[in-house]
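In this note's numbering, the protein residues as written are 55 to 169. C-beta: ideal position from N, C-alpha, C; glycine also.
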Amino acid sequence: MDTSHFKQLLEAKQAALIAELQTVGVQDPKNPHDWVTTQTAEPEADLNDVADHTEAYDESRSILANLETSLNEVTAALERITQGTYGICIKCRQPIEVERLEAFPAAATCSQHTA
Ligand SMILES: [Zn+2]
């Protein structure tokens, strides 16, 4: 299968996700696969802002977690391209439908084996 088209899509997606991650967090220097929010858990001053702050912290953590999951999926898909296993369902080893890959280039499973 010609993976160069999907490689392009995935690399564009990867760059977009990293740019988005950088708006809410920083890459953990000890673990480049891990991102940490730049929102601190502990509010510094005004106690009236504690509830707001906690909400902002929880929100940025969940945004970060979602972006990180997507980034990991994209990175894993790029690794499968390198290994020559891209487009093969990891569950049943059958080719993944091209329409599915077009819609979701990071798909690791065919439409029968979605999580
Ligand atoms: Zn499958």
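Query: 6 Å CB neighbourhood of alanine 131 in its chain, flanking five on each side removed; Result: Leu64 and Ala160
Query: Element boundaries [beta strand (DSSP E), containing threonine 91]; Result: 85-91
Query: Completely contained alpha helix (DSSP H) runs for the segment 102-153, where each covers 4 or more residues; Result: 104-137
Query: Test item: CB-CB of threonine 129 and glutamine 62 under 8 Å; Result: no
Query: Per DSSP, cross-strand counterpart(s) of aspartate 50; Result: Given a span of 55 to 169 for the chain in the structure shown, any question on residue 50 remains unanswerable.
Query: Alpha carbon of glutamate 151 to alpha carbon of alanine 119, nearest angstrom; Result: 28 Å
Query: Buried versus exposed, by CB contacts within 10 Å (16 or more), arginine 147; Result: exposed
Query: CB contact flag (alanine 162, isoleucine 135, <8 Å); Result: no
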